[in-house]
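Asker: Per full-length UniProt numbering, the very first residue in the sequence shown carries number 1; after that it's consecutive.
Dropping the structure in here first, questions after.
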Amino acid sequence: MAGRFVISEDGQGGWRFALVANNGQTLAVGEGYPTKVACVNGIETVRRNAVDAVIVDLSGEEL
C-alpha cells in the first residue's frame, strides 16, 4: 500500500495536506491553502514534481 495525502481544515478557515507513510509517520506537510480545491491542486503539484526530483543538500556536510 502506498502512502496517502490527508487533507484537513487548519482551524483558521484554511486547508492543509500531509503526506503520511503506511506506518502513520507524517513525511511532509503542505502550506495553508484558502480553499479545499487549492489544497488538492497543491497535492497534484507535489505529485507531478516529486517523481523526478533530485536531492539538493546545501548544508555542505557529507552523507
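Every residue, glycine too, gets a C-beta built ideally from N, C-alpha and C.
Bridge partners for E9 per DSSP, in chain order?
Answerer: Here residue 9 refers to the residue found at position 9 of the sequence shown. W15, per the DSSP bridge assignment.
Asker: If you reduce the DSSP assignment to three classes, tell me which class V51 lands in.
Answerer: What you label residue 51 is simply residue 51 of the sequence shown in a count that begins at 1. Coil, per DSSP.
Asker: For V20, list the residues DSSP reports as bridge partners.
Answerer: By 1-based counting over the sequence shown, the position of residue 20 is 20. For V20, which the question treats as bridged, DSSP gives the partners R4 and T26.
Asker: Measure the C-alpha to C-alpha separation of P34 and I7 and round it to an integer number of angstroms.
Answerer: Taking the first residue of the sequence shown as 1, we reach residue 34 at position 34. Taking the first residue of the sequence shown as 1, we reach residue 7 at position 7. Cα to Cα, P34 sits roughly 13 Å from I7.
Asker: With distances taken Cα to Cα, identify the nearest neighbour of G3 among D10, W15 and V20.
Answerer: Position 3 of the sequence shown, counted from the start, is the residue given in the question as residue 3. Closest by alpha carbon: V20.
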